[in-house]
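To convert, take the position in the sequence shown, counting from 1, and add 7; that gives the working numbering.
Glycine residues also receive a C-beta, built at the ideal position from the N, C-alpha and C atoms.
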Amino acid sequence: MTGARHADAGSAGLILERAGPWTLLIVAAALRLPRLAIRPLHHDEGSNVIFLLRLVREGSYHYDATNYHGPLLYFLSAVPITLFGATTVMLRVVPALLGSLTAALPWLLRREIGGVGALASGLLIATSPSLVYYSRDNIHEIYLVFLTLLLISALVRGMRSGKSAWLLVAGAAAGGVLATKETACLTFLAIGAGLFVSRGGGLPRPRRAAVAGFAIAACAVAVVLYSDLFSDISGLIRPFQALRVWGERGLHADGHGKPWWYFLGILGRDEPAILGSAVVGCAAAVRRRCRFGLLLVGWSVAILLVYSCIPYKTPWLVLNMVLPLALVSGVAFEAGARGAPSSGDARPLRLRRWAAMLLLGSVALLSARRAFILSFVRYDDDRASAIVYVQTRRNALRLVARVEAYARQDSRGKAVPIDILSPDYLPLNWYLRDFSEVSYFGVVIEHPQAPLVIVRGDDADRVAGMLGSGYLRQSYALRPGVDLVLFLLNPEAPQTAP
8 MTGARHADAG SAGLILERAG PWTLLIVAAA LRLPRLAIRP LHHDEGSNVI
58 FLLRLVREGS YHYDATNYHG PLLYFLSAVP ITLFGATTVM LRVVPALLGS
108 LTAALPWLLR REIGGVGALA SGLLIATSPS LVYYSRDNIH EIYLVFLTLL
158 LISALVRGMR SGKSAWLLVA GAAAGGVLAT KETACLTFLA IGAGLFVSRG
208 GGLPRPRRAA VAGFAIAACA VAVVLYSDLF SDISGLIRPF QALRVWGERG
258 LHADGHGKPW WYFLGILGRD EPAILGSAVV GCAAAVRRRC RFGLLLVGWS
308 VAILLVYSCI PYKTPWLVLN MVLPLALVSG VAFEAGARGA PSSGDARPLR
358 LRRWAAMLLL GSVALLSARR AFILSFVRYD DDRASAIVYV QTRRNALRLV
408 ARVEAYARQD SRGKAVPIDI LSPDYLPLNW YLRDFSEVSY FGVVIEHPQA
458 PLVIVRGDDA DRVAGMLGSG YLRQSYALRP GVDLVLFLLN PEAPQTAP
């Protein structure tokens, strides 16, 4: 009987070993890849496509330290657009794929947090409402999260195995983190805090040659990207300038000031499974004196404290907290599956494992339901969640559809002139990318004459007086607090002087 039980356990372990990462990948992809174009682009995506389209069309990129983040997003996003065309799906497919791969990466840490722990961490990442939501648009945060976890996973595997290839991957990931966003320094600071409190996380010291390879790989990736493939060497200076710019912005908030408990509120409402499990995981790591678990705890606490203390807060920053908390959650489920060491607990290991898996499946199902509602149903409803933040309304796509319908009826087609007189127009630049005669004035001009004119709602009456009675007038919500009015020249209406 004992041999049979061991055989059953071995078979179950083998199945988990082979199916685990694929299961995580499939679940994550099922929530991230379908209907990528359903949600209108966010304002920040509209900013990003300015650089992205310039890179695709002109073959050049120059890092702007004053208002935009690192180059990695643009170079990776340019690949599918160059190969398959500029569509919204191709724009968002890279972050969706990276978000899906993020869910499978905890499997590389199964020696440190256990098989059940790795499965739990991956499943919570796969179904996380915030990670799913932001994997479905193209902003920098999901790149940062993926590369951070790749860095940790490859670094641990390299230090455990002594294989230099893993450390080179970790170095490349570190370089990618640096080339993604200026907040990379906060990520490294928090991981360093975790290493400090855990006294190295129980990991062996790497050889000097391996450390050198790690550093060379990190520098190579960052230098290649920031210099635009060595064509703009001055780009290597701008990241250091950006630290000052973004430091000042973080302290002054620039209209995005939030209370210190802002991220705790998001975690409590949208990520209760991860937050609750992480609290249990913290206690389990301390009780068991698990040094790698303490590394994760130190990282989680440090990153939460740092971002909570900075006045400037946007909801996608919570992803930097969700990631380590999900890994700590894995410690909790592993502890639950195995029971306390030397506890004298007579309950069968199989029963504890099934109970842990049943609980994991239940909370993951609830998280997946929340993720589905936010990403596929209420994706532009800021009442649904704080992560729906100044999101472009679905009504804006009706404006785009009306412009396209007008162009189909006009003999000039997509060469029909369009005057945009509103300072708030992003992400219309993406949706109007194929129109060749779009003028982005950003302010009301004296004599607009284009057959299509777009203005802010509060300027609509003034512009209507300039255009005269020959224009149709239609209103659309762009995002919370911003309405746009589209004026369309009616060729059948008698033209009167304004």
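**Report entry** Run of the beta strand (DSSP E) containing S238, from where it starts to where it stops
**Finding:** Segment: none, S238 is in no beta strand (DSSP E) and carries neither H nor E.
**Report entry** Under the three-state DSSP convention, the category L373 falls into
**Finding:** helix
Requested in this report: Would you check if there are 3 or more beta carbon pairs closer than 8 Å linking the region 209-216 to the region 323-341?
Outcome: no
Report task. Confirm, please, whether the CB-CB distance from R143 to P113 is below 9 Å. Result -> no
Query raised in the report: Between L38 and the rest of its own chain, which residues show a CB-CB distance below 6 Å, the 5 nearest in sequence each way excluded?
Result: V139, A378
Query raised in the report: Under 9 Å between the Cβ atoms of Y386 and L495?
Result: no
Query raised in the report: Do R357 and R345 have their C-beta atoms within less than 9 Å of each other?
Result: no
**Report entry** Distance, V286 Cα to A280 Cα
**Finding:** 10 Å
Requested in this report: Since I believe A363 is in contact with G343 (beta carbons under 8 Å), could you give me their beta-carbon distance rounded to a whole number of angstroms?
Outcome: 4 Å
Requested in this report: Note down, one range per segment and in chain order, each beta strand (DSSP E) of at least 3 residues found wholly within the region 161-229.
Outcome: none
**Report entry** Residue range of the unbroken beta strand (DSSP E) whose run includes D490
**Finding:** 489-496
Query raised in the report: Based on Cα-Cα distance, which residue from S54, A35, R46, L60 lies nearest to R440?
Result: L60
Requested in this report: Could you please give the first and the last residue of the uninterrupted alpha helix (DSSP H) stretch that includes A344?
Outcome: 326-345
**Report entry** Alpha-carbon spacing of E219 relative to L236, whole angstroms
**Finding:** Correcting the residue type first, residue 219 is Ala in the shown sequence and not Glu. Cα-Cα distance, rounded: 22 Å.
**Report entry** Pairwise C-alpha distance: E148 and L324
**Finding:** 7 Å
Query raised in the report: If we call anything under 9 Å between Cβ atoms a contact, is I380 one with Y141?
Result: no
Query raised in the report: Opposite A484 in the DSSP bridges: which residues?
Result: D490
Query raised in the report: Near V56, what residues of its chain come up, given a Cβ to Cβ distance below 6 Å and the 5 sequence neighbours on each side ignored?
Result: W437
**Report entry** Per DSSP, cross-strand counterpart(s) of I461
**Finding:** I427, L493
Requested in this report: For S107, name the three-state secondary structure that DSSP assigns.
Outcome: helix
Query raised in the report: What is the residue span of the alpha helix (DSSP H) that S446 lies within?
Result: Unbroken run through S446 is the beta strand (DSSP E), 445-447; no alpha helix (DSSP H).
Query raised in the report: Can the beta-carbon of Y70 be found less than 9 Å from the beta-carbon of D239?
Result: yes
Report task. May I have the straight-line CA-CA distance separating L115 from R164, to the nearest angstrom? Result -> 7 Å
Query - Cβ-Cβ separation, R469 to V451 (assumed contact under 8 Å), whole Å - result: 7 Å
Query - Spatial neighbours of V397 in its chain, beta-carbon cut-off 7 Å, leaving aside the 5 residues before and after - result: H50, R486, P487
Query raised in the report: Are the CB atoms of P78 and A186 nearer to each other than 9 Å?
Result: yes
Query raised in the report: With a CB to CB cut of under 7 Å and the five nearest residues on each side skipped, what residues in its chain are close to S160?
Result: L112, L115, L116
Query raised in the report: Helix, strand or coil: how does DSSP classify G368 here?
Result: helix
Query raised in the report: Per DSSP, what kind of secondary structure is G420 in: helix, strand or coil?
Result: helix
Query raised in the report: What are the start and end residues of the alpha helix (DSSP H) that includes C297?
Result: Looking at the DSSP string, C297 is not in any alpha helix (DSSP H), and its letter there is neither H nor E.
Requested in this report: Using three-state DSSP, classify L433 as helix, strand or coil.
Outcome: coil
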